[in-house]
Amino acid sequence: MTNVDNTNENTSGHASDNMEENSDFQDMNEILRVRRQKLAELQENGKDPFEIVKYDVTHKTRDIIDSFDTFDGQEVSIAGRLMSKRGMGKSSFCDVHDRDGKLQIYVQVNMIGPEAYSEFKKYDIGDMVGVKGEVFRTQKGEISIKVKEVVLLAKSLRPLPEKWHGLKDTDMRYRQRYLDLIVNPEVKSTFILRSKIIKAIRTFMDNRGFIEVDTPLLNTIPGGAAARPFITHHNTLDIDLYLRISPELYLKRLIVGGLEKVYELGRMFRNEGMSVKHNPEFSMMEIYEAYNDYKGMMELTEQLISTVAQEILGTTKISYQGTEIDLTPPWSRMTMCEAVKKYAGVDFDAIATADEAKKALISKGLDIKGAVSKGEAMNLMFETFAEEHLIQPTFILDYPVEISPLTKKKPGNPELTERFEVFIYAREIGNAYSELNDPIDQKERFERQVEKRESGDEEANMMDDDYVIALEHGLPPTGGLGIGIDRLIMLLTDSYSIRDILLFPTMKPRD
RNA sequence: GGGCCAUUAGCUCAGUCGGCAGAGCACUUGACUUUUAAUCAAGUUGUCCCGCGUUCGAAUCGCGGAUGGCUCACCA
């Protein structure tokens with residue numbers, strides 16, 4: 353009975369399964385057919401471009417453009433994708449694009465001979481070519497190569513998107529990112545910038561005496577953050593494993609082991625909602641420094657981000673989505689309690705009990721589901737009323753202990769912890785603690801997390817006994833910091849969506 | 001999951017009141033030996049996202065569905 357309605361999935365028009373192979377060619381439009389015919393002709397004449405294994409490239413187009421005076425009159429060879437053709441009978445101008453630039457080539461029939469020229473005229477936009485010739489400047493002043501030899505290095509069998517408007521369909525841009533990179537120059541430069549930013553971050557950390565380490569992506573206990581993990585399975589061991597949500601607990605084991613200053617910059621996986629700021633896999637850097645605390649991490653955060661901005665963009669005053677943001681240190685500092693007082697008008701210093709906190713929430717029109725502690729109430733108010741105002745870089749200090757299970761309590765105030773989050777453009781960019789190193793306290797905090805988990809909170813931490821044993825061997829006082837690398841790159845590249853700074857963002861499969 | 005919007009040629013997009021499916025780029029043929037969004041002449045290109053309905057007639061109107069975008073909710 354229940355299956356009857358599903359029959360339409362099998363009968364809805366896929367009757368062509370048995371005749372698909374041979375009808376491919378007929379189904380193609382003219383552009384596809386013509387290009388395949390050109391390839392077939394080349395192959396029949398023993399000139400199959402796909403048999404070529406190597407081309408001797410002496411220069412990149414960027415080098416030639418940047419130092420024309422030294423290349424003027426010299427012979428060079430370049431290679432790249434043919435992106436435009438301006439043919440005028442017995443001579444042609446074309447643009448060849450390589451990674452960092454483009455260069456015009458000038459092909460004349462009496463330079464390469466009538467046979468090679470007529471073959472060249474069959475090249476299509478999108479073909480990969482190698483070109484050898486002499487550098488010169490045209491009458492209109494454009495640096496070019498007068499071609500002595502041109503080689504087809506790969507035939508493009510499909511047309512590129514339109515040259516003037518580029519590729520706009522966002523879905524296609526993400527699914528076929530190579531097309532996006534070919535036709536939208538600003539996309540290519542964004543990803544080149546991403547690479548430079550990450551390199552600058554690593555250089556900064558290395559210069560400060562940190563070592564980069566790699567810890568497991570496959571975890572038996574996913575810890576260090578409040579997030580739902582992805583689950584996978586190892587066949588030989590026959591156990592489920594989790595993809596890591598944070599490297600925190602491994603990195604602190606390394607501090608116990610005496611590595612003192614470590615960082616890891618890599619991919620995290622969180623099985624949660626997707627948005628303009630969230631992708632299921634994303635890059636984060638975590639840093640741990642022995643004998644330091646969260647105040648030291650504040651200084652490190654400011655220095656790191658402002659130094660990278662200065663190096664990559666040449667300034668610490670950036671523009672993000674039309675808003676000026678000043679990354680010049682020092683950044684403003686405010687406790688969460690102060691922020692809530694300022695933006696919500698509620699003074700949590702004057703609130704003693706969870707009941708009073710609940711009343712304060714209700715008076716601000718907030719919904720309360722289940723039991724809410726004083727700290728959770730303050731955090732909720734902070735997120736609701738304060739976060740949106742934190743446009744310029746701002747450290748928010750002293751988070752409630754209930755939502756900070758891995759953080760040292762503030763001396764003299766057991767309700768709060770030595771923790772900050774840093775916000776830029778109302779987004780959380782970083783999160784840092786004075787790390788909790790008391791194994792007995794840690795064990796109790798885990799137990800409280802386990803209780804939350806058992807009462808339905810899928811994001812609460814699991815008990816990690818092995819980590820507690822590591823702490824029992826002695827973790828020095830340590831400062832720890834996590835920085836959302838993708839969000840930082842969004843800021844520095846002025847990108848609206850996280851999908852614009854991930855080459856292949858997670859997509860729902862088609863069909 | 002809710003709301004709003006979109007889906008038309010390989011790409012970017014028009015398509016009026018329901019009346020033969022359009023443009024630019026790309027492509028094909030021809031002309032052109034310093035062009036550059038080359039130019040000029042001629043030509044080709046369609047599951048109008050899918051299904052059902054209303055109608056003499058649907059790209060256009062109605063209902064249902066798919067995909068995507070934005071947004072709200074969710075989400076350290």
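Taking my numbering, the leading residue of the first sequence gets 353, the next gets one more, and so forth.
In this text, a Cβ means the ideal position worked out from N, Cα and C, and glycines have one as well.
Note that the coordinates shown come from a computational prediction; the quantities given were computed from them, not determined experimentally.
State the start and end residues of the unbroken beta strand (DSSP E) segment that holds residue i.
i: TYR870; result: With the chain represented from 353 up to 863, any question about residue 870 goes unanswered, as that position is not in the structure.
i: ARG851; result: No beta strand (DSSP E) holds ARG851; DSSP gives it neither H nor E.
i: PHE772; result: 771-776
i: ASP447; result: 443-450
i: ASP421; result: ASP421 -> not in any beta strand (DSSP E); alpha helix (DSSP H) instead, spanning 420-423.
i: GLU501; result: 495-506
i: TYR458; result: 453-460
i: PHE472; result: From DSSP, PHE472 is part of no beta strand (DSSP E) but of the alpha helix (DSSP H) over 466-472.
Is the CB-CB distance between residue i and residue j below 7 Å?
i: ALA696; j: PHE737; result: yes
i: SER598; j: ALA577; result: yes
i: ALA709; j: LYS693; result: no
i: ARG525; j: MET859; result: no
i: VAL461; j: TYR469; result: yes
i: PHE734; j: ARG529; result: no
i: ILE607; j: TYR643; result: no
i: VAL487; j: ILE416; result: yes
i: THR668; j: THR680; result: yes
For residue i, does the count of other Cβ atoms within 10 angstroms reach 16, so buried, or fall short, so exposed?
i: SER364; result: Legend: pLDDT at SER364 = 32, less than 50; position of this residue unreliable, no value from coordinates given.
i: TRP880; result: Nothing about residue 880 can be reported from this structure: the residues present for the chain run from 353 to 863 only.
i: ASN370; result: In this prediction, ASN370 scores a pLDDT of 32, lower than 50, which makes its location untrustworthy; the coordinate-derived value is nonetheless stated afterwards. Per the 10 Å Cβ criterion, exposed.
i: GLY493; result: exposed
i: ASP307; result: Beyond the ends of the chain as shown, which are 353 and 863, falls residue 307; an answer cannot be given.
i: VAL724; result: buried
i: GLN655; result: exposed
i: SER627; result: exposed
i: ALA392; result: exposed
i: GLU754; result: buried
i: GLU501; result: exposed
i: SER684; result: exposed
i: SER847; result: buried
i: ASN731; result: buried
i: LEU768; result: buried
Which residue marks the beginning of the alpha helix (DSSP H) containing residue i, and which one marks its end?
i: ASN783; result: Not the alpha helix (DSSP H): ASN783 falls in the beta strand (DSSP E), residues 779-786.
i: ILE537; result: For clarity, residue 537 is Pro in the given sequence; the question names Ile instead. From DSSP, the alpha helix (DSSP H) with PRO537 extends over 537-559.
i: ALA342; result: What the structure shows of the chain is the stretch from 353 to 863, and residue 342 is not part of that stretch, so it cannot be assessed.
i: ASP566; result: No alpha helix (DSSP H) contains ASP566, which DSSP labels as neither H nor E.
i: TYR407; result: Looking at the DSSP string, TYR407 is not in any alpha helix (DSSP H), and its letter there is neither H nor E.
i: SER684; result: Element bounds for SER684: not the alpha helix (DSSP H) but the beta strand (DSSP E), 684-687.
i: ILE821; result: 817-824
Measure the alpha-carbon distance for residue i versus residue j and round it to whole angstroms.
i: ASP558; j: GLU564; result: 8 Å
i: THR584; j: ASP592; result: 6 Å
i: LEU504; j: GLY465; result: 16 Å
i: LYS711; j: LEU742; result: 26 Å
i: PRO513; j: GLY674; result: 29 Å
i: LYS473; j: SER444; result: 8 Å
i: LEU833; j: ILE553; result: 14 Å
i: LEU843; j: GLY831; result: 25 Å
i: GLY836; j: MET637; result: 7 Å
i: GLY894; j: GLY610; result: Absent from the model: residue 894. The displayed extent of the chain is 353 to 863, so no value can be given.
i: PRO752; j: ILE850; result: 29 Å
i: ASP852; j: PHE543; result: 9 Å
i: VAL459; j: VAL499; result: 5 Å
i: LYS760; j: GLN794; result: 9 Å
i: GLY666; j: ILE781; result: 21 Å
i: PRO861; j: THR705; result: 50 Å
Please state the DSSP three-state secondary structure of residue i.
i: PHE737; result: helix
i: LEU394; result: helix
i: THR334; result: No answer is possible for residue 334: the residues shown for the chain start at 353 and end at 863.
i: LYS860; result: coil
i: LEU665; result: helix
i: ILE383; result: helix
i: LEU593; result: strand
i: GLU486; result: strand
i: ARG839; result: helix
i: MET650; result: helix
i: ALA709; result: helix
i: ASP678; result: strand
i: SER375; result: The predicted position of SER375 is uncertain, since its pLDDT is 49 and thus under 50; no value can be drawn from it.
i: THR845; result: coil
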